[in-house]
Amino acid sequence: MPGPPVPRKQPATLAKRADFLAANRGIRVARPGFVLLVNPVSHPEGAMRFGVTVTKKIGNAVVRNRMKRRFRELLRDALPAIGVPGADHVLIGREGGVERDFALLRQELAQALARAAAGKGDPPRRRSRGGKAADGAATGGKATGGKQRRP
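Residue numbers (my numbering): 1121 to 1271.
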């Protein structure tokens, strides 16, 4: 007769901004409801950590907090079983994530974690120049950095 089930160790949470920024340099896997970032840093004994971030573009505080609660529950359930050992995991909420079915989010998270564990992230995003339009449209059509010179 088998003994009682062994409790799975719950992952810790990310608290420092530097940890979230470091995760952005790791593997990125995008899904319709979220973007998963996995930074395969070596934590002692394969400890996993997770963080959730949702921007104000998604909605008001009620919507953002609801999305964060759903994501935290997904991560607490999935990471001990299929997370990347010794890595930091960050979920970034996307526009349609709050309305998506919870079972569908769970399935997408499992697929995203499998891709991240295999090292198959999405290609890196192109970086813009300081958040401004590359063609100078933000400066009135002149590519002079906003300052106009006299002829």
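All C-beta atoms in this analysis are idealised placements derived from N, C-alpha and C, irrespective of residue type, glycine included.
Fully enclosed beta strand (DSSP E) runs of no fewer than 3 residues occupy 1154 to 1159, 1169 to 1173, 1208 to 1213 of the segment 1153 to 1218, in order along the chain. By the Cβ test, the segment 1218 to 1233 is in contact with the segment 1150 to 1157, since at least three Cβ pairs between them sit closer than 8 Å. Each residue's CA atom was taken as its position, placing residue 1184 and residue 1165 some 33 Å apart.
Between the alpha carbons of residue 1158 and residue 1218 lies a distance of about 21 Å. Take the alpha-carbon of residue 1244 and the one of residue 1130: they are about 30 Å apart. Contact between residue 1208 and residue 1134 holds: their C-beta atoms lie close to 6 Å from each other, under 8 Å. A distance below 8 Å separates the beta carbons of residue 1188 and residue 1172.
Inter-residue distance for residue 1182 and residue 1174 is about 12 Å (C-alpha atoms, whole angstroms).
Taking the CA atoms as reference points, residue 1200 sits about 16 Å from residue 1235. Beta-bridge analysis with DSSP links residue 1148 to 1157. Distance check between residue 1190 and each of 1212, 1144, 1176 places 1212 closest, using alpha-carbon atoms only. Considering only 1214, 1137, 1223, 1136, the residue with the shortest C-alpha distance to residue 1178 is 1214. Assigned with DSSP and collapsed to three states, residue 1143 falls in helix.
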